[in-house]
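Undergrad: Before I ask anything, let me first share the structure, which is written out below as structure tokens.
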Amino acid sequence: MSKKDSPPWNARQTQAVKKLKEELQNLPPLQIPSEDKRILQTNRSDKYWGAVLFEERNRKRQLCGYESGIFTNAEIHHSTFKEILAVKKDIKIEPPTPYQEQLKKALKEYQSNIPDPK
């Protein structure tokens, strides 16, 4: 959508932005991951990626960490692998956080459980 084609800004959009800002200021605190069930949720668009690590405790999801970024020009052309790139980029952020150390450990455990295709 170009600027010429965009709908006019009105009170509805202003209210939506205010609500979004309010919600973002009241996010739950990050939890330090333990050995409970971890859930890595990734998302990507053509140019951007994001990853969120949750931990399930007592049937409730606890937020443990999140990262996001922009794909390089070369990565933009690899549409099949963008979701995997989101995971890879998330665990390469420096300096590593406790969240990323837990994520690396979980990925190693996952990889060790994949059978050899031979």
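Convert by adding 140 to the 1-based position in the sequence shown; the result is the number in this note's numbering.
Built from N, CA and C at the ideal position, the CB exists for glycine as well.
Which stretch, first to last residue, makes up the alpha helix (DSSP H) that contains Arg152?
TA: Arg152 -> alpha helix (DSSP H) spans 151-165.
Undergrad: Determine the DSSP secondary structure at Lys177, reduced to helix, strand or coil.
TA: Strand, per DSSP.
Undergrad: How about the region 185-199 and the region 152-159: do they share at least three Cβ pairs that are nearer than 8 Å?
TA: No, the region 185-199 does not touch the region 152-159.
Undergrad: Within 10 angstroms of its Cβ, does Arg178 collect 16 or more other Cβ (buried), or is it exposed?
TA: With 16 or more other Cβ atoms within 10 Å, it is buried.
Undergrad: Does the Cβ of Lys200 have 16 or more other Cβ atoms within 10 Å, making it buried, or fewer, making it exposed?
TA: Under this definition Lys200 is an exposed residue.
Undergrad: Could you name the residues of the same chain whose beta carbon sits closer than 8 Å to that of Asp176, not counting the 5 residues immediately before and after it, in chain order?
TA: Contacts found: Glu195, Glu196, Arg197.
Undergrad: Inspect the beta-carbon positions of Pro169 and Leu193 and report whether they are closer than 8 Å.
TA: In this structure, Leu193 does not lie closer than 8 Å to Pro169 by Cβ.
Undergrad: Looking only at its chain, what residues have a beta carbon closer than 8 Å to the beta carbon of Gln216, apart from the 5 residues adjacent to it on each side?
TA: The residue you asked about is not Gln; residue 216 is Ile in the sequence shown. Hits under 8 Å: Asp186, Lys187.
Undergrad: Alpha carbon to alpha carbon, how far is Lys159 from Gln202? Give it in angstroms, no decimals.
TA: Distance between the alpha carbons of Gln202 and Lys159 is about 22 Å.
Undergrad: Helix, strand or coil for Lys200? Go by DSSP, reduced to three states.
TA: Looking at Lys200 - three-state DSSP - the assignment turns out to be strand.
Undergrad: How is the alpha helix (DSSP H) around Ile216 delimited, first residue to last?
TA: Per DSSP, Ile216 belongs to the alpha helix (DSSP H) from 213-216.
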